[in-house]
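Notes follow once the structure below has been shown.
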Amino acid sequence: MKKPQIRFRSFYAKLVIMFLFMGLIPFLLMGMLIYNVYSNTMYENILGNFSMTDQIMAKNISDLITEIADDTEYIYKSSVSDYDYFYELFEDTGMSETGRNAMITKILRTILYMNEAIDHVFFVTPDGKMYSSMKAPELLIDEQEMQEWYKSHYLIGSRNVQIMSTHETKYYRNSQKNDFTIYRNIMNTATIRKAGSEVLGTLFIDISADYLKKMLTQESYGTNHEIYVVDSASGKYIYHSQKQYEGINAQNDGILLDAMKNKESGYLEQKNECLVYQKVDGTNWLVIDRVIPGTIEGAYKMIRNTTMLLIVIGVSLLALVYMYYSKKLNKPVQMLKETMSCIEKGDVDARVHIDSNDEFQDIGNGMNQMAENLNKYVQKAYVAEIRQRDAELEALKRQIQPHYLYNTLDVIRMSAITNDDMLVATMIDSLSGQLKYLIGTTGNMVILQQEIACISNYFKLIEVRYDSRFSLSVEIPKELWKCRVPHLIIQPVVENAVKHGLRPNKGPGEVVVQAKQNMDFLEITVMDNGVGINKERLEEVQALLKSDARIAEEDIKGMSIGVKNVSDRIKHLYGNEYGLEIDAYEGMGTIVKYWLPLIWEDV
Numbered sequence: 039m040k041k042p043q044i045r046f047r048s049f050y051a052k053l054v055i056m057f058l059f060m061g062l063i064p065f066l067l068m069g070m071l072i073y074n075v076y077s078n079t080m081y082e083n084i085l086g087n088f089s090m091t092d093q094i095m096a097k098n099i100s101d102l103i104t105e106i107a108d109d110t111e112y113i114y115k116s117s118v119s120d121y122d123y124f125y126e127l128f129e130d131t132g133m134s135e136t137g138r139n140a141m142i143t144k145i146l147r148t149i150l151y152m153n154e155a156i157d158h159v160f161f162v163t164p165d166g167k168m169y170s171s172m173k174a175p176e177l178l179i180d181e182q183e184m185q186e187w188y189k190s191h192y193l194i195g196s197r198n199v200q201i202m203s204t205h206e207t208k209y210y211r212n213s214q215k216n217d218f219t220i221y222r223n224i225m226n227t228a229t230i231r232k233a234g235s236e237v238l239g240t241l242f243i244d245i246s247a248d249y250l251k252k253m254l255t256q257e258s259y260g261t262n263h264e265i266y267v268v269d270s271a272s273g274k275y276i277y278h279s280q281k282q283y284e285g286i287n288a289q290n291d292g293i294l295l296d297a298m299k300n301k302e303s304g305y306l307e308q309k310n311e312c313l314v315y316q317k318v319d320g321t322n323w324l325v326i327d328r329v330i331p332g333t334i335e336g337a338y339k340m341i342r343n344t345t346m347l348l349i350v351i352g353v354s355l356l357a358l359v360y361m362y363y364s365k366k367l368n369k370p371v372q373m374l375k376e377t378m379s380c381i382e383k384g385d386v387d388a389r390v391h392i393d394s395n396d397e398f399q400d401i402g403n404g405m406n407q408m409a410e411n412l413n414k415y416v417q418k419a420y421v422a423e424i425r426q427r428d429a430e431l432e433a434l435k436r437q438i439q440p441h442y443l444y445n446t447l448d449v450i451r452m453s454a455i456t457n458d459d460m461l462v463a464t465m466i467d468s469l470s471g472q473l474k475y476l477i478g479t480t481g482n483m484v485i486l487q488q489e490i491a492c493i494s495n496y497f498k499l500i501e502v503r504y505d506s507r508f509s510l511s512v513e514i515p516k517e518l519w520k521c522r523v524p525h526l527i528i529q530p531v532v533e534n535a536v537k538h539g540l541r542p543n544k545g546p547g548e549v550v551v552q553a554k555q556n557m558d559f560l561e562i563t564v565m566d567n568g569v570g571i572n573k574e575r576l577e578e579v580q581a582l583l584k585s586d587a588r589i590a591e592e593d594i595k596g597m598s599i600g601v602k603n604v605s606d607r608i609k610h611l612y613g614n615e616y617g618l619e620i621d622a623y624e625g626m627g628t629i630v631k632y633w634l635p636l637i638w639e640d641v
């Protein structure tokens with residue numbers, strides 16, 4: 039029986055009244071409260087935005103300095119021609135100075151192009167010999183200027199990296215650049231004693247102040263502030279938007295450095311401006327924003343007016359829309375929405391019941407029928423997909439295990455023939471640990487600690503087999519040991535590193551396994567310092583990892599079968615956003631990086 043129209047209108051009036059007292063009036067009161075709070079905190083919020091920007095800038099500068107400081111260590115690792123170590127270039131008394139200059143310049147040029155921010159690299163020995171590399175158009179050095187520069191900044195006995203404020207690079211002829219310099223003494227590493235006392239020379243790396251400007255302006259916003267970088271120890275500008283100020287004392291320009299020295303960050307209010315500052319980690323530098331209060335107040339007024347206008351418009355539209363649609367649409371639409379949300383979350387047994395004798399009832403009946411059909415489909419298709427995926431994972435796992443076991447047994451056999459002593463017992467004990475992990479472990483998931491223990495057992499065999507020529511280094515924080523990972527995903531890659539990376543190399547080698555938390559990912563890195571992979575072969579392997587096609591073992595060459603199988607297992611378990619990445623440098627080594635979901639043991 040149809041309800042009386044007057045009764046329906048009465049209920050609608052109650053909805054409107056409820057909207058006024060429970061929706062519109064509280065909304066207006068809340069808007070006024072937010073406006074009042076906003077009025078009191080707007081200034082700090084905007085300064086907080088500047089402070090956050092300064093933090094990003096300081097982090098970028100710190101990363102640049104750290105990267106350049108790390109580049110200075112390249113000189114210890116570099117090798118040219120028949121000289122494996124830098125100090126050998128100075129110990130060879132039979133080498134001509136022209137030849138030595140060419141080799142040292144080659145090393146300096148490599149450092150020069152490690153980072154686009156570097157303008158010049160030069161090396162000066164204690165006896166005054168100079169070697170340099172620079173970018174065009176600066177091709178000649180002023181030896182007298184460089185000698186004076188070296189003498190005024192050489193630190194006797196210091197092995198630490200030093201940072202020098204922005205200055206003119208007059209020691210390069212016709213140079214008009216302003217650079218700041220990172221420099222350190224290079225020690226003679228021929229012996230431990232010499233490494234602690236004998237200085238081969240000082241390495242200077244000039245970094246472009248223009249590059250610093252580029253970094254700062256990328257993160258900066260608006261025109262209502264100026265950004266500086268100041269050395270709080272010397273009081274001098276490292277960077278200023280006007281070059282003529284670089285190198286002068288910042289306190290003469292109104293920068294209150296004494297008030298900033300004892301804090302990592304903050305802001306100082308002055309009569310006509312505000313100074314927001316942030317310390318650069320690892321240095322005495324400060325990133326300073328000089329903010330004009332009048333500009334902040336202007337932005338505040340604009341945002342305030344816009345906020346009030348949006349509140350008025352929003353309340354008006356809300357009232358109109360509610361009055362028009364609540365009578366006919368609100369209840370059935372809400373019911374349909376809630377049911378649809380339940381179905382989206384996986385509750386395919388959810389049903390909607392609408393007794394309105396109109397289109398909403400037809401839609402509800404259609405949704406109920408759709409949910410019923412979906413339920414039947416899930417029972418058939420989803421279960422079949424799970425079974426297919428489990429079968430594929432098991433096949434991949436079985437494909438890896440025999441390959442691994444055969445190689446391990448071959449190592450034990452060769453070591454027994456070669457050594458003929460009790461080392462075999464140690465190797466068999468390591469093999470037992472591996473077999474227990476491979477065969478005794480149930481399920482597809484283990485904790486990271488178990489996976490690393492299997493690799494350690496494997497490497498005990500490798501160290502014996504190759505007379506301790508190869509070593510394993512594990513760098514994993516304690517808090518990640520309990521992360522859950524798929525069973526047997528790291529060992530195939532470590533085995534490839536030994537077989538295809540270290541073994542072809544004549545000298546000693548190392549495999550490093552690292553892990554860290556990268557946002558919501560568990561990032562695992564396996565790298566070696568072996569022979570690496572040439573560019574063509576690397577492109578083939580990378581294309582293979584990206585391919586979704588299943589490829590037979592006989593169609594995959596060398597190291598690719600293990601890496602491909604591990605990548606496929608990860609993608610099958612977690613999806614295509616996870617998997618492996620591989621990179622290599624011919625003659626230097628190979629890096630394999632895992633991307634896995636961060637799953638803890640108790641999940």
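In this note's numbering, the protein residues as written are 39 to 641. Just so you know, even glycine gets a beta-carbon here, dropped at the ideal spot from N, CA and C. Because the structure is a prediction, the values reported are computed rather than measured.
Sequence-distant residues of the same chain with beta carbon closer than 8 Å to TRP638, five excluded per side: Same-chain partners within the cutoff: LYS520, CYS521, ARG522.
Closest by C-alpha distance to GLU653, when choosing among ASN343, THR207, MET405, TYR114: The chain is shown only over 39 to 641; residue 653 falls outside these bounds and no answer can be derived.
On the DSSP bridge list, what partners appear for ASP319? According to DSSP, ASP319 bridges with nothing at all.
Spatial neighbours of TYR623 within its chain, please: CB distance less than 6 Å, with the 5 preceding and 5 following residues excluded, ordered by chain position. Around TYR623: GLY570.
Among LEU374, GLY539, ILE243, nearest to TYR151 - alpha-carbon criterion: Of the listed residues, the one whose Cα sits closest to TYR151 is ILE243.
Ranges of the alpha helix (DSSP H) found wholly within the segment 484-516, counting only runs of at least 4: Complete alpha helix (DSSP H) runs here, min 4: 486-503.
Counting Cβ pairs, one atom from each stretch, are 3 or more of them under 8 Å apart for the segment 268-276 and the segment 168-179? No, because fewer than three Cβ pairs between the segment 268-276 and the segment 168-179 fall closer than 8 Å, the two stretches do not touch.
Once the 5 residues before and after TYR114 are set aside, which same chain residues still bring their CB inside 7 Å of it? Once the five neighbours on either side are set aside, the close Cβ partners of TYR114 are PHE124, THR227.
In angstroms, rounded to a whole number, what distance separates the CA positions of MET373 and SER379? Roughly 10 Å separates the two Cα atoms.
Please state the DSSP three-state secondary structure of PRO635. Strand.
Compute the Euclidean distance between the alpha carbons of VAL390 and ASN413, then round it to the nearest angstrom. Between the C-alpha atoms of VAL390 and ASN413 there is a straight-line separation of about 15 Å.
Once the 5 residues before and after ASP109 are set aside, which same chain residues still bring their CB inside 6 Å of it? For ASP109, where only same-chain residues beyond five positions count, the Cβ hits under 6 Å are ILE149, MET152.
Could you give the DSSP three-state label for SER203: helix, strand or coil? Three-state result, SER203: strand.
With VAL532 and ILE562 assumed to form a contact (beta carbons below 8 Å), what rounded beta-carbon distance in angstroms separates them? Beta-carbon to beta-carbon, VAL532 and ILE562 are separated by about 11 Å, too far to satisfy the 8 Å threshold.
Applying the 10 Å Cβ sphere with the 16-neighbour rule, what's the burial state of ASN567? By the 10 Å Cβ count, ASN567 comes out buried.
Per DSSP, PHE242 forms a beta bridge with which residues? Residue pairing by DSSP places PHE242 opposite PHE160, TYR221 in a beta bridge.
Considering only their Cβ atoms, is the gap separating THR321 from TYR275 smaller than 8 Å? At a Cβ-Cβ threshold of 8 Å, TYR275 and THR321 do not count as neighbours.
Own chain partners of PRO164 with C-beta closer than 7 Å, once the 5 adjacent residues on each side are dropped: The beta carbon of PRO164 sits closer than 7 Å to the beta carbons of VAL237, GLY239 from its chain, once the five residues preceding and following it are set aside; these are given in chain order.
In chain order, what are the residue ranges of uninterrupted alpha helix (DSSP H) at least 4 long that sit wholly in the segment 545-633? Entirely contained in the segment 545-633, the alpha helix (DSSP H) runs reaching 4 residues are, in chain order, 573-584, 598-612.
What residue from LEU526, GLU513, GLN580 has the CA that sits closest to VAL550's CA? Nearest Cα to VAL550 within the set LEU526, GLU513, GLN580: GLU513.
Per-residue DSSP class, three states only, for TYR275: Correct three-state label for TYR275: strand.
Looking at C-alpha atoms only, which residue of GLU501, ASP130, SER89, LYS516 is the closest neighbour of CYS312? Comparing Cα positions, the closest option is SER89.
Which listed residue (MET298, LYS609, ILE179, VAL318) has its alpha carbon closest to that of THR104: Nearest in C-alpha terms to THR104, of all of MET298, LYS609, ILE179, VAL318, is VAL318.
Have a look at SER354 and GLN280 and give me their C-alpha separation to the nearest angstrom. Distance between the alpha carbons of SER354 and GLN280: 51 Å.
How long is the line joining the alpha carbons of ARG503 and VAL630, rounded to whole angstroms? Each residue's Cα considered, the two are about 24 Å apart.
Shortest alpha-carbon distance to ASP640 belongs to which of MET346, LEU518, GLN93? Comparing Cα-Cα distances from ASP640 to each of MET346, LEU518, GLN93, the minimum goes to LEU518.
Can you tell me whether THR344 is buried or exposed, with buried defined as 16 or more other CB within 10 angstroms of its CB? Label assigned to THR344: exposed.
Just reading off the alpha helix (DSSP H) that ARG231 is part of, what are its end residues? Residues 230-235.
Helix, strand or coil at GLU264 [DSSP, three-state]: In the three-state scheme derived from DSSP, where H, G and I count as helix and E and B as strand, GLU264 is classed as strand.
Run through DSSP, which three-state label would ILE179 get? Secondary structure at ILE179: strand, using DSSP grouped into helix, strand and coil.
Using C-beta distances below 8 Å, list every residue in its chain close to ARG197, excluding the 5 sequence neighbours before and after it, in chain order. Non-local C-beta neighbours of ARG197 in its own chain, meaning closer than 8 Å and more than five positions away in sequence, comprise ARG222, ASN223, MET225, ordered along the chain.
Express the C-alpha separation of GLY627 and ASN139 in angstroms, rounding to a whole number. Within the model, the alpha-carbon separation for ASN139 versus GLY627 is close to 28 Å.
Check MET68 in the structure and name its three-state DSSP category. Three-state result, MET68: helix.
Using DSSP with H/G/I as helix, E/B as strand and the rest coil, what is ASP393? Look at ASP393 here: in three-state DSSP terms it is coil, with no helix or strand label.
For GLN580 versus ILE527, is the C-beta spacing smaller than 8 Å? Contact flag unset, no.
Straight-line Cα distance separating ASP122 from GLY545: Taken atom to atom, the span from the alpha-carbon of GLY545 to that of ASP122 is near 12 Å.
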